[in-house]
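What follows is one structure encoded as structure tokens, with my remarks underneath.
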Amino acid sequence: MRGFNSVIRQAARETGADFEFLAQTAARESNFDPQARARTSSAAGMFQFIEQTWLGMMHRHGDTHGFSDLASQIEQGTDGRFRVSDTAAREQILDLRLNPDAAAVMAGELAAENSQVIENRVGRPASSGELYAAHFLGANGAADLIEAVRDNPRQGAAHLFPAAAAANRNMFYDGARPVTAAQLLGRLTGEAESALAQAGDPTDNGSAGRAVDVNKDFVGSAPVRSGQFGFLGTGYLASTGGELTPTLVEILASLDAPAAGRRDDR
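To get my numbering, take the position in the sequence shown, counting from 1, and add 314.
Right, here's the structure in full:
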């Protein structure tokens, strides 16, 4: 199997997604473990796609990436949910989440979709941190949060997103005190930028001679629960206390490389 660095770079080239964003998301979601499974949700794979999000991505983009036979078996009902009538085919499609190449290109396609939704809503391109917010709240949820911060930054974030707050208390509360919309957006976008800053030199901040603890060095005080990559799930790294492997450190240390891929002509 190709190295994860190569896998993610190829996905960035094919989809036009930002390499840094994809690498950082894989680090936070699964510690680059293609077999990772969340404990209390359907999220699986290096990017922790939940079943419905994965079926939707395969339905829309599977043909582009060489999965036309499987993609054609996915149907969307009037309720918006995606279904596969053939049980064996459904399992085969879902198992592709454990394939790093497939997961990475679908993560890139999802980032592109989310970016477009946010840009249409707020009138400007989304930052990488805002794209991570989209994985936490969904693209429209992230746009809602950005607009809420613009209009009334002091309003309570839990009031805006009660379901997400119920499942992700550490993100929405400081002890018993609810955080504001501005604070929630700062946690999501700030943590993303902090991860990139620390990735430049994995030995900074006293980390020499010890493994880097993801929860302390990358995520901060609040475990992240993903939206479309495991919405309201456990948050793989947060739930396992994962440490950075040599592979992860190597990839994160390379993030000073050109970040943006270019979507290939299709």
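We put the CB at the ideal spot given by N, CA and C, even for glycine.
Pair within 8 Å by beta-carbon distance, residue i and residue j
i	j	result
residue 445	residue 475	no
residue 435	residue 457	yes
residue 360	residue 340	yes
residue 454	residue 431	yes
Contacts around residue i, its chain only, beta-carbon distance under 8 Å, and the 5 residues preceding and following it disregarded
i	result
residue 400	387
residue 470	492, 493, 494, 495
residue 398	369, 387, 388, 389, 404, 407
Contacting residues, own chain, Cβ-Cβ under 6 Å from residue i (five flanking each side not counted)
i	result
residue 535	Here the model assigns residue 535 a pLDDT of 29, short of 50, so the residue's position is not dependable, and the following value carries that caveat. No residues qualify anywhere along the chain.
residue 351	358
residue 356	364, 365
Residue-level contact to chain B via CB, residue i, 8 Å cutoff
i	result
residue 495	In the displayed structure, chain B is absent; only one protein chain is listed.
Residue i, enclosing alpha helix (DSSP H) - first and last residue
i	result
residue 445	442-451
residue 383	382-385
residue 379	It is not in any alpha helix (DSSP H) - residue 379 carries neither H nor E in the DSSP assignment.
residue 360	Element bounds for residue 360: n/a, residue is neither H nor E.
residue 399	Where residue 399 is concerned, there is no enclosing alpha helix (DSSP H), given that its DSSP letter is neither H nor E.
residue 475	Here residue 475 belongs to no alpha helix (DSSP H), and DSSP marks it neither H nor E.
Residue i in three-state terms, based on DSSP
i	result
residue 346	coil
residue 414	helix
residue 535	Confidence at residue 535 is low in this model, with a pLDDT of 29, below 50, so its placement is unreliable and the value that follows should be read with caution. It is coil, neither helix nor strand.
residue 496	helix
residue 548	Caution is warranted here: a pLDDT of 34 is assigned to residue 548, below 50, making its placement in the model unreliable, and the coordinate value is therefore given only provisionally. Residue 548 falls in the coil class under three-state DSSP.
residue 404	helix
Chain-order list of residues whose beta-carbon lies under 7 Å from that of residue i (same chain, five-residue window excluded)
i	result
residue 486	471, 472, 479, 492, 493, 498
residue 373	385, 388, 390, 396
residue 463	495, 496, 499
residue 506	With a pLDDT of 47 at residue 506, under the threshold of 50, the predicted position of this residue should be treated as unreliable, and no value is reported.
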